[in-house]
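Novice:
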Amino acid sequence: MTRIRSIALAALLSISPLSHADPSIQVGFSPEGSARKLVLETIGSARHTIQMLAYSFQAPDIMQALVDAKNRGVEVRVVIDKKRNLGGASKAAMDFVTRNGVELRTNDHFHIHHDKTIIVDGNTVETGSFNFAPSAETANSENVVVIRDMPEVSRQYIEHWQSRWELGKAYPTP
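Residue numbers for the sequence shown, in mature numbering (1 follows the signal peptide of the UniProt record, and there is no 0): -21 to -1, 1 to 153.
1) Express the C-alpha separation of Asn64 and Asp146 in angstroms, rounding to a whole number.
2) At a cut of 8 Å, does the stretch 62 to 77 reach the stretch 25 to 36 through at least three beta carbon pairs?
3) Under 6 Å Cβ to Cβ from Val124, same chain only, skipping five residues before and after it: list those, please.
4) For Leu(-10), which three-state DSSP category applies?
5) If we require 4 or more residues per run, which alpha helix (DSSP H) segments fall completely within the stretch 11 to 71?
6) With burial defined as no fewer than 16 other Cβ atoms inside 10 Å of the residue's Cβ, what is the status of Ser9: buried or exposed?
7) Take the Cβ of Ala(-1) as the centre, count every other Cβ of all protein chains shown within 10 Å, and call the residue buried at 16 or more, exposed below.
Below, the structure written as structure tokens:
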């Protein structure tokens, strides 16, 4: 029982909101603002790759952050739910990012493609309920968890992302 308590305590100590301990787990919540901040910080930390899975794809600040990453030389690839993103705000977001070099695929293989995940540089995973839409930032109760430097977790998310990428269909550049 002592070993289990030690492991639990170690896990709790590694949880540090908006800090960068190695390895670390960070959390954020909406509409309080910490979820949005953590998503933007995670995208902003990318140096090599961003692999995103999204259900809702509309938030202008997140779209801009993806384009900014692309402009820094980061390879940015996104898979989104096709059926959820047929409206004008989503199409504008998809057109904006693809016009600016982000690779985007839509997925209609599932009833809904409900993933909300960002993998950065193969070693940081952001996940949770947070949709990439303005309502997630200001109106909904949402959460974000960012996991850094946990290779086995990252590996599993990368495999999941790759399977969805392969099922997706390229969104045409406008």
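Backbone N, C-alpha and C fix where the C-beta goes; we use that ideal spot for every residue, glycine too.
Specialist: From the atom records:
1) Within the sequence shown, the letter at position 167 stands for residue 146. Within the sequence shown, the letter at position 85 stands for residue 64. Sequence check: residue 146 is Leu here, not Asp. Rounded to whole angstroms, Leu146 to Asn64 spans 17 Å at the Cα level.
2) yes
3) Here residue 124 corresponds to residue number 145 of the sequence shown, with the count starting at 1. So the qualifying residues of the chain are Val6, Thr106, Gly107.
4) Stepping through the sequence shown from its first residue, residue -10 is reached at position 12. Any answer about Leu(-10) is weak, because its pLDDT of 38 lies below 50 and its placement is not dependable; what the coordinates show is given next. Looking at Leu(-10) - three-state DSSP - the assignment turns out to be helix.
5) 13 to 23, 39 to 50
6) Residue 9 sits at position 30 when you count from the first residue of the sequence shown. Counting Cβ neighbours within 10 Å, Ser9 comes out buried, since at least 16 surround it.
7) The residue labelled residue -1 in the question sits at position 21 within the sequence shown. With a pLDDT of 46 at Ala(-1), under the threshold of 50, the modelled position of this residue cannot be trusted, and the question is left open.
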